[in-house]
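Number of protein chains: 2
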Amino acid sequence: MRVLLVGAGGVGTAITRIAARRSFFEHMVVADYDPARAESAVAYLGEDERRFTATRLDASDAAGVGAALAEYRCDVLMNATDPRFVLPLFEAALAQGAHYVDMAMSLSRPHPSRPYQECGVKLGDAQFERAEEWVAADRLALVGMGVEPGLSDVFARYAADELFDEIEEIGIRDGADLVVDGYDFAPSFSIWTTIEECLNPPVVYEEGRGWFTTEPFSESEVFDFPEGIGPVECVNVEHEEVLLIPRWLKAGRVTFKYGLGDEFIGVLRTLHKLGLDRTDPVTVSSAAGQVAVSPRDVVAACLPDPAGLGDRMHGRTCAGTWVRGTKDGAPREVYLYHVVDNQWSMREYGSQAVVWQTAVNPVVALELIASGAWHGSGVLGPEALPPRPFLDLLTEYGSPWSLREGAHG
Amino acid sequence: MRVLLVGAGGVGTAITRIAARRSFFEHMVVADYDPARAESAVAYLGEDERRFTATRLDASDAAGVGAALAEYRCDVLMNATDPRFVLPLFEAALAQGAHYVDMAMSLSRPHPSRPYQECGVKLGDAQFERAEEWVAADRLALVGMGVEPGLSDVFARYAADELFDEIEEIGIRDGADLVVDGYDFAPSFSIWTTIEECLNPPVVYEEGRGWFTTEPFSESEVFDFPEGIGPVECVNVEHEEVLLIPRWLKAGRVTFKYGLGDEFIGVLRTLHKLGLDRTDPVTVSSAAGQVAVSPRDVVAACLPDPAGLGDRMHGRTCAGTWVRGTKDGAPREVYLYHVVDNQWSMREYGSQAVVWQTAVNPVVALELIASGAWHGSGVLGPEALPPRPFLDLLTEYGSPWSLREGAHG
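Respectively, the protein sequence lines represent chains A and B.
If you're matching positions, the first sequence starts at 1 in full-length UniProt numbering and goes up one per residue.
If you're matching positions, the second sequence starts at 1 in full-length UniProt numbering and goes up one per residue.
Spelled out as structure tokens, the structure:
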């Protein structure tokens, strides 16, 4: 397998470090708009590691990406950029006859008149409407293959296959007890993206009703996360799993709740109340005269860059899928989850826990595609493919998953 | 009396409207850096009102202000600008032999090493250290003569003169139930100034200990405001009364607590936690490239301009002085207060309630100076002068004050 990895940010860089320990691929081209980032990711792997090449690439230029796929004879494009670049990369892979893997799907647009009741354009819609073309080309577009979406969808399929006869509800629940030393307030992830995720109308799926949206921060609950993380306040957030799972699995209800915690939820509510979450510019005075700036950019600029906080952070992050239903006529409830400890990921890979947890899953998926254990054509979510090989290989990567039986939510 | 009014913002404009109904002065020159603001204030009064003249003046230019005092033969300078201009205006009046009235005193600077324990430069220090010169010139600098400070200090003196034998504590308590229709969150006053006030270390006075500072938002209490406003969460805020009252009155403790309410206090705490209260610039991208902006300016730019909200606002604002002590050997507790209803002030004067309440008090003071009921030389606070004539004249202006007997705090 020859891979074109587009994006050498935190997750892309962690992908190179995880992949470097595996033998399933022949070559990986590491491409970034900023060639220094790509070169730095490759240099970190050492001189003896010759399977990686750094190059410059503009992810918004589908033709340029296609040319790179051809030049380096890559059979799969691994997208590790931000969601704005999903479509050009997805199209470049299709045009070039390469497989495609991403970790976030094409963006949504709220319903024009009833944004908090009805879906407008949904996450991934622009990709699923091209599914026939991928089938016709006999190529696989594996979408939403990070940790959430990604591993969380694999868990859902595993629950449906092996743990339940009928499923009433599937709820992805994400929480952490990560703390950054030395700051009053320092989110361990981009506040810009978190605002975007949390203020988009959250989407919920119900059998019979289909997909619908709610107000931001709806259906607050306290979920008890395992391995000492403990109870964290969670709220509905727009996320790919809710759009992916019902396409392949039967469940009465599907939700995604993000364990932001009451402090962070309070901060986001305040930013929203004051209009500081807006991206449309406001005019303010500066030493250079009147300038127009996006309030959300200013909020991000006031906080430390989370990419540089890995070595000041401690704690664990937990991604998982809570399922409620029946098995052999009896009610059952399980939480399938994966925890990464930041001290472990920093020591082992020099990668922050949230970033590492996102990166390990697409590498596992690439290895399954390379071996043929995962194969198919069209636009598929992770729950469309057999879960056992994935979960076993993840454990082989040194990062096992767990199952908690019973109601703890 | 001939008055040079400097500043034709909200309060300055309301001063012209209140003064126009009184006959105690011969002429009032309305000066502003922006001549359109001065002209608009004068034009509002109508063609028959010939006692007002608009002019342009830079309040930071003491020589220019002195020249205007001379040109218009003014015997008093009424400062209605923001506190940054206190010193040049105060000096211009002294140099020109005019009396001086302001509504906020020269600014403080925190203690360099123990900002939340000890005072650095206190509010008004730069004015009080010039007191001898005012005495020598036989001119009066009446400082802190708005509503708070101002009327609140008159109440304190009235309580000391007529209601108590001994005073254990004087606490200024300011609260409102003003609501702006059509906004999620719209403060009825400048958020920039409110952040400044609330994040400066609050100052407290105790007999024997003197002045000292605390952490922001300290000593939170719920004070029950009269006339249906009801209970509002109040916290310590740096304010002039705490510096003024102990110079003339004997009290065991003096505090100022601002009834911001739990929602507003939560917003300010969040802004502080995120560093969005900062005035030092952060660098962000804009359409014009990288620019440096003050986060606090961006916060202010995201909110509606409170000056334009008067006609969308309803409710009342209450300023007052709570006093606890003994009279004739028995414990006593009173709250002396002044309430302005926004619908009334908008209808009667076209001025928002908070602005009108600030503006009426210096006009009453000017009338007392004109009549000779208030006279003196040096730098004096309102509590240095007899309170009865002031309180009676305020009632005559159609805006009576009240006394609540007993503990309701």
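Backbone N, C-alpha and C define an ideal beta-carbon position, used for all residues, glycine too.
As the structure is a computational prediction, the values presented were derived from the model and not from experiment.
Under the DSSP definition of a beta bridge, which residues are partnered with residue i?
i: glutamate 327(B); result: The residue asked about is misnamed: residue 327(B) is lysine in this sequence, not glutamate. In the DSSP output, where bridge partners are listed per residue, lysine 327(B) has Ala330(B).
i: tyrosine 337(B); result: Gly320(B), Ser402(B)
i: arginine 56(B); result: Asp32(B)
i: proline 314(B); result: One detail in the question is off: residue 314(B) reads as histidine in this sequence, not proline. Val179(B), per the DSSP bridge assignment.
i: asparagine 236(B); result: Lys257(B)
i: threonine 270(A); result: Note: threonine 270(A) sits in no beta bridge, so no partner.
i: valine 121(A); result: Arg109(A)
Residue i by DSSP, collapsed to three states: which one?
i: glutamate 367(A); result: helix
i: alanine 288(B); result: coil
i: alanine 244(B); result: Position check: residue 244(B) holds leucine in this sequence, whereas alanine was assumed. Three-state result, leucine 244(B): helix.
i: isoleucine 170(B); result: strand
i: phenylalanine 24(A); result: coil
i: glutamate 133(B); result: helix
i: arginine 278(B); result: coil
i: glycine 409(B); result: Here glycine 409(B) scores only 48 on pLDDT, less than 50, and its place in the model should not be relied on; the value that follows carries that caveat. Three-state DSSP puts glycine 409(B) in coil, outside helix and strand.
i: aspartate 181(B); result: coil
i: glycine 230(B); result: strand
i: arginine 50(B); result: coil
i: valine 11(B); result: helix
i: phenylalanine 256(A); result: strand
i: leucine 107(A); result: coil
i: valine 354(A); result: helix
i: alanine 186(B); result: coil
i: tyrosine 205(A); result: strand
i: threonine 16(B); result: helix
Would you say the beta carbon of residue i comes nearer than 7 Å to a heavy atom of the ligand GTP?
i: alanine 136(B); result: Questions concerning the ligand GTP fall outside what the structure shown contains, since it holds no ligand whatsoever.
In the DSSP assignment, find the unbroken beta strand (DSSP E) run with residue i in it and report its ends.
i: histidine 99(A); result: 99-101
i: phenylalanine 225(A); result: 221-225
i: tryptophan 211(A); result: 210-213
i: valine 379(A); result: 378-380
i: arginine 2(A); result: 2-6
i: glutamate 196(A); result: Taken as a continuous stretch (DSSP letters only), glutamate 196(A) belongs to no beta strand (DSSP E), being part of the alpha helix (DSSP H) at 191-199.
i: residue 410(A); result: Residue 410(A) falls outside the range modelled here, since chain A spans only 1 to 409, and no answer is possible.
i: residue 414(A); result: Lying outside 1 to 409, the shown extent of chain A, residue 414(A) is not represented and no answer is given.
What are the boundary residues of the alpha helix (DSSP H) that includes residue i?
i: aspartate 392(A); result: 387-396
i: proline 295(A); result: 295-302
i: proline 88(A); result: 86-96
i: glutamate 71(B); result: 62-71
i: methionine 78(B); result: Element bounds for methionine 78(B): not the alpha helix (DSSP H) but the beta strand (DSSP E), 76-79.
i: glutamine 127(B); result: 125-128
For a contact defined as C-beta to C-beta under 9 Å, what are the partners of residue i on chain A?
i: aspartate 184(B); result: His272, Lys273, Leu274, Gly275
i: alanine 54(B); result: Per Cβ cutoff of 9 Å: no residues; alanine 54(B) is ~25 Å from chain A at best.
Counting only Cβ pairs nearer than 7 Å, list the residues of chain A close to residue i.
i: aspartate 297(B); result: Val284, Ser285
So with CB distances below 8 Å, who are the chain A contacts of residue i?
i: proline 281(B); result: Ser286, Ala287
i: alanine 292(B); result: Ser286, Ala287, Ala288
Taking C-beta pairs closer than 9 Å, name the residues in chain B that residue i reaches, listed in chain order.
i: leucine 303(A); result: Leu274, Gly275
What in chain B is Cβ-close to residue i, meaning under 8 Å?
i: valine 267(A); result: Thr270, Lys273, Leu274
message: When you compare the region 359-374 of chain A with the region 18-31 of chain A, are there three or more beta-carbon pairs, one atom per stretch, that lie closer than 8 Å?
response: yes
- prompt: Within the chosen definition, does the region 148-166 of chain A reach the region 309-329 of chain A through at least 3 CB pairs nearer than 8 Å?
  reply: yes
message: Quick test of the definition: if touching needs 3 or more C-beta pairs under 8 Å, does the region 339-347 of chain A touch the region 235-251 of chain A?
response: no
message: Three Cβ pairs or more, each shorter than 8 Å: is that satisfied between the region 165-175 of chain A and the region 246-258 of chain A?
response: yes
- request: Pair every Cβ in the region 30-37 of chain A with every Cβ in the region 3-15 of chain A, then say whether three or more of these pairs are closer than 8 Å.
  value: yes
query: Are at least three pairs of beta-carbons, each pair with one atom in the region 49-60 of chain A and one in the region 332-344 of chain A, less than 8 Å apart?
result: no
task: Give a yes or no on contact between the region 259-270 of chain B and the region 388-401 of chain B, applying the rule of three or more CB pairs nearer than 8 Å.
output: no
message: Contact between the region 325-334 of chain A and the region 306-316 of chain A is defined here as three or more beta-carbon pairs at a separation below 8 Å; is this criterion met?
response: no
query: Using 8 Å as the threshold, is the region 303-313 of chain B in touch with the region 181-201 of chain B, meaning 3 or more CB pairs across them?
result: yes
query: Pairing CB atoms from the region 129-145 of chain A with CB atoms from the region 290-307 of chain A, are three or more of them under 8 Å?
result: no
- prompt: Between the region 125-142 of chain B and the region 172-181 of chain B, do three or more beta carbon pairs fall short of 8 Å?
  reply: no
- request: Inspect the CB distances between the region 102-111 of chain A and the region 55-63 of chain A and report whether three or more fall short of 8 Å.
  value: no
- prompt: Hey, is the region 72-84 of chain B in contact with the region 3-10 of chain B, meaning 3+ C-beta pairs nearer than 8 Å?
  reply: yes
task: Decide if the region 210-230 of chain B is in contact with the region 281-289 of chain B; the criterion is three or more beta carbon pairs, one per stretch, under 8 Å apart.
output: no
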